[in-house]
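Data first, discussion second: the structure below is written as structure tokens.
2 protein chains.
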Amino acid sequence: MLAPDPARRSQESWRAILDAAFAILDEEGYQAVTMSRIAARAGVGRQTLYRWWPSKAAVVFEAFLDKVNTGPFPEEGASFPERLRAHVHGFLALYVDGSGGHRLRELIGAAQTDPELARALSEQWFEPRRAPVRQALLDAQRAGDVRADVDPDTALDLVFAPLHYRLLVSGEPVDAAYVDTVVDLCLAALAS
Amino acid sequence: MLAPDPARRSQESWRAILDAAFAILDEEGYQAVTMSRIAARAGVGRQTLYRWWPSKAAVVFEAFLDKVNTGPFPEEGASFPERLRAHVHGFLALYVDGSGGHRLRELIGAAQTDPELARALSEQWFEPRRAPVRQALLDAQRAGDVRADVDPDTALDLVFAPLHYRLLVSGEPVDAAYVDTVVDLCLAALAS
DNA sequence: CCGTGACGAGGCACCGTGTCTCGTCGGTAA
DNA sequence: TTACCGACGAGACACGGTGCCTCGTCACGG
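Sequence lines, in order, name chains A and B. Residue numbering for the first sequence follows our numbering, starting at 1 and increasing by one per position. Residue numbering for the second sequence follows our numbering, starting at 193 and increasing by one per position.
Listed below in structure tokens is the structure:
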């Protein structure tokens with residue numbers, strides 16, 4: 001997401017910019033974030049932002065990752081239903097309760113007209129979260145605990161999609177009861 | 193989505209504005225649409241747009257509905273699996289093959305920072321499409337064809353969400369094979 | 001026949017973007 | 001120590017989109 005040599009960047013300015021960008025995002029939303037406001041709040045020249053990031057979306061996404069991209073990811077060893085449920089509840093905590101996590105919705109919205117941001121979101125946010133669940137599913141398929149005649153990524157969609165659908169499309173609340181029901185239904189669909 | 197008396201509107205200007213807005217949307221995407229360009233292409237004063245619509249999003253959405261909101265909706269009488277599959281394939285045809293339907297993705301994106309647009313989308317686009325499927329599901333639950341211990345709207349999400357997830361989030365292709373698999377999995381999850 | 005109100009057209013202030021130019025300052029090499 | 005180099009903060013600038021306002025025109029209805 002950045003072209004020149006990052007080693008040349010002033011660490012103080014870099015820190016101040018990410019903090020300022022995330023603060024404005026968290027307090028007032030994605031629309032309220034502008035390059036000028038980030039620079040002013042960070043006590044930084046605007047040219048510094050344009051030097052290291054190609055767009056507002058790039059700055060905000062890096063700030064978002066810097067603050068929200070937290071673990072811990074659920075541990076190994078448990079059964080597939082337990083691992084699946086733990087991961088989904090981790091998602092829920094991040095999106096609904098987590099500081100700033102609810103702003104992901106606006107970032108996904110911006111990505112609909114920004115292919116670069118869409119790619120960054122896919123690679124640096126979604127895929128790292130799908131990967132461990134995919135691994136758990138493949139383990140369960142090999143062990144015969146779930147049916148093996150379904151494409152793993154389609155099965156993953158079945159679990160991940162409803163959360164994001166409510167988040168982005170229907171606006172209905174996403175809570176523990178909802179995701180538990182979704183997990184139950186998915187497990188029923190995948191029963192061998 | 194409009195405040196003054198629509199009867200006073202010039203029908204010619206109204207038609208020209210919707211045509212121009214949809215043409216720009218279809219040809220160049222949501223970002224390329226501006227109030228100035230709509231007015232210029234429609235041969236209309238910009239004040240006319242601001243008189244009848246509160247924002248660019250409102251004009252574009254009305255133009256989108258005007259062009260894309262087509263039937264026919266699948267007929268009654270068939271079995272629940274058949275009705276479900278028909279509706280989902282209708283969605284697919286509208287989103288992927290339909291003229292301009294793929295621009296819905298950008299409208300949903302804009303709705304993430306535009307509560308008014310989000311409400312309009314929910315009421316005038318999504319709910320009219322969920323309603324017949326909900327009815328089919330309720331019929332099937334009453335007839336004992338699918339389990340009745342699941343909230344209908346949660347069950348609906350299970351079918352609708354994966355399409356929109358791929359459209360908005362993962363970017364993976366949505367085709368007939370995918371939606372057929374999703375329908376199969378949902379039917380398995382809901383089997384009584 | 002005259003008033004009302006929407007119309008097309010154009011002007012205006014405001015804001016955000018992205019580029020450019022200053023003068024300054026710290027780190028590096030001669 | 002001194003001279004250089006490049007990033008830095010700050011500000012000016014052109015450009016484009018928004019939303020409001022004001023013209024003069026024109027069709028409709030009382």
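Backbone N, C-alpha and C define an ideal beta-carbon position, used for all residues, glycine too.
- Residue pairing of B/V338 in beta bridges, as defined by DSSP: B/A383.
- Closer than 7 angstroms to the CB of B/G293 there is not a single CB belonging to chain A.
- The residues L217, in chain order, have a CB closer than 6 angstroms to that of B/R295 in the same chain once the five nearest residues on each side in sequence are set aside.
- Against chain B, the CB of A/Y95 has no partner CB under 7 angstroms away; the residue lies outside that interface.
- Under the 10 Å beta carbon count, A/E28 is surrounded by fewer than 16 other beta carbons and is classified as exposed.
- By the 16-neighbour rule on beta-carbons within 10 angstroms, A/R15 is exposed.
- With 16 or more other Cβ atoms inside 10 Å of its own Cβ, A/Q141 counts as buried.
- At a Cβ-Cβ threshold of 7 angstroms, A/V146 and A/L190 count as neighbours.
- Nearest to A/Q11 by alpha-carbon distance, out of A/Y30, A/T34, A/A78, A/W52, is A/W52.
- B/S205 is not a Cβ neighbour of B/T262, given a cutoff of 7 angstroms.
- Going by C-alpha positions, B/A335 is about 20 angstroms away from B/A278.
- Boundaries of the alpha helix (DSSP H) around B/W244: 238-244.
- DSSP places B/D306 outside both helix and strand once states are collapsed to three, so it counts as coil.
- Closest in C-alpha terms to B/G269, from the list B/V325, B/A312, B/A347, B/D211, comes B/V325.
- Counting the other Cβ atoms within 10 Å of the Cβ of B/A249 gives 16 or more, which makes it buried.
- DSSP places A/H102 outside any alpha helix (DSSP H), giving it a letter other than H or E.
- Taking a beta-carbon distance threshold of 7 angstroms, B/P354 counts as an interface residue toward chain A.
- Residues of the segment 125-141 of chain A with a C-beta less than 8 angstroms from any C-beta of chain B: F126, listed in chain order.
- For B/L355, the uninterrupted alpha helix (DSSP H) run begins and ends at 344-357, by DSSP.
- Rounded to the nearest angstrom, the gap between the Cα atoms of B/F214 and A/E82 is 48 angstroms.
- Taking 9 angstroms as the upper bound on Cβ-Cβ separation, chain A lies near residues G221, Y222, Q223 of the segment 213-236 of chain B.
- Of all residues in the segment 171-182 of chain A, only G171, E172, Y178, T181, V182 come within less than 8 angstroms of chain B when Cβ atoms are compared, listed by chain position.
- Counting only residues of its own chain and dropping the five nearest sequence neighbours on each side, B/M227 has a CB closer than 8 angstroms to the CB of R238, L241, Y242, K248, V251.
- Looking only at A/E106, A/P115, A/V68, the smallest Cα-Cα distance to A/A93 is reached by A/V68.
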